[in-house]
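According to full-length UniProt numbering, the sequence shown is numbered sequentially starting from 1. Note that CB positions come from ideal geometry on N, CA and C, so glycine has one too. Here is the structure we will look at.
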Amino acid sequence: MAPPFHPLAVPAKKTALLILDLHKFIISHNPTGESVVLNAVKLRAWAKAQGMLVAHCLIDFKATTPENRKMAARFNGVRDEMGSAPDKSGEDERIAAIADEYVFWRPPSHISAMGSYGLKDWLAEHDIQSLVLVGLSSSGCVINTTKGAADAGWIVTVVEDACGDKSPEAHEVIMSKLLVGQANVFKTEEVERFTW
């Protein structure tokens, strides 16, 4: 029997795979972006085979970040760049949402995907108790989503080789030191062996 904090402790139908910020623009600026996408594709197939729901949590690059937020200049600059190159703002075609998947948007000022419009209501509506997280970046959306979700009571599993960061050193510290107190951290091949 799995311990109560393990992903196998709840049924697959009460587990959701959250795919975080796999925008083409973000992938292109990440040295492990390609391998993250490939592992995310594998995990989406695994999740669907288990009967899990799949949600894509993305940044609304059309939104303006208020000037009183420290990251305003950076995010508003990215917004302006995305406006002139909208093909870069979408998800990579290999992992983009398909018909039976859900998409949730959040303003750039919300680093955690838990700030996505409607996400918490959707999780409650489907009685989701456990989250599996993949995406970019480890020092941004991944760590903030993990901590926010764990603090709110969800079982959280982070798939370390389906996440990445501009800084490999930061990614390693986050996965091996910072998340392990609040989340399960596994590799793709380990998660793919989980069956209910």
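Which class does residue i belong to by DSSP, given the choice of helix, strand or coil?
i, result
"Trp46", "helix"
"Val10", "coil"
"His171", "helix"
"Ala96", "coil"
"Ala162", "strand"
Quick check: residue i and residue j, are their CB atoms within less than 7 Å of each other?
i, j, result
"Ser116", "Cys57", "yes"
"Val113", "Leu131", "It is worth fixing the name first, because residue 113 is Ala in this sequence and not Val. Taking 7 Å as the Cβ cut-off, Ala113 and Leu131 do not qualify as a contacting pair."
"Tyr102", "Ala55", "yes"
"Phe194", "Leu20", "no"
"Ala16", "Gln50", "no"
"Val134", "Val159", "yes"
"Ala45", "Ile95", "no"
"Gly164", "Thr64", "no"
"Ile111", "Gly90", "no"
"Lys120", "Lys24", "no"
"Ile143", "Ile174", "yes"
"Leu136", "Ile59", "no"
For residue i and residue j, I'd like the C-alpha separation in whole angstroms.
i, j, result
"Gly153", "Gln182", "10 Å"
"Glu189", "Ala124", "29 Å"
"Leu178", "Ala99", "35 Å"
"His126", "Met52", "11 Å"
"Asn30", "Leu22", "11 Å"
"Lys166", "Pro3", "34 Å"
"Phe61", "Val78", "7 Å"
"Ala170", "Leu18", "21 Å"
"Asp161", "Asp80", "31 Å"
"Asn68", "Glu192", "43 Å"
"Gly118", "Leu43", "23 Å"
Using DSSP bridges, identify the partner residues of residue i.
i, result
"Asn184", "Thr157"
"Trp122", "None, per the DSSP bridge assignment."
"His29", "DSSP output for His29 lists no bridge partner at all."
"Trp105", "Leu58"
"Glu91", "His23"
"Gly140", "The partner list for Gly140 (beta bridge, DSSP) is empty, contrary to what the question assumes."
"Thr15", "Ser130"
Using the Cβ count rule (16 or more neighbours within 10 Å means buried), how would you classify residue i?
i, result
"Pro108", "buried"
"Gly1", "The amino acid occupying residue 1 in the given sequence is Met; Gly does not appear at that position. Looking at its Cβ environment, which holds fewer than 16 other Cβ atoms inside 10 Å, Met1 is exposed."
"Asn184", "buried"
"Val180", "exposed"
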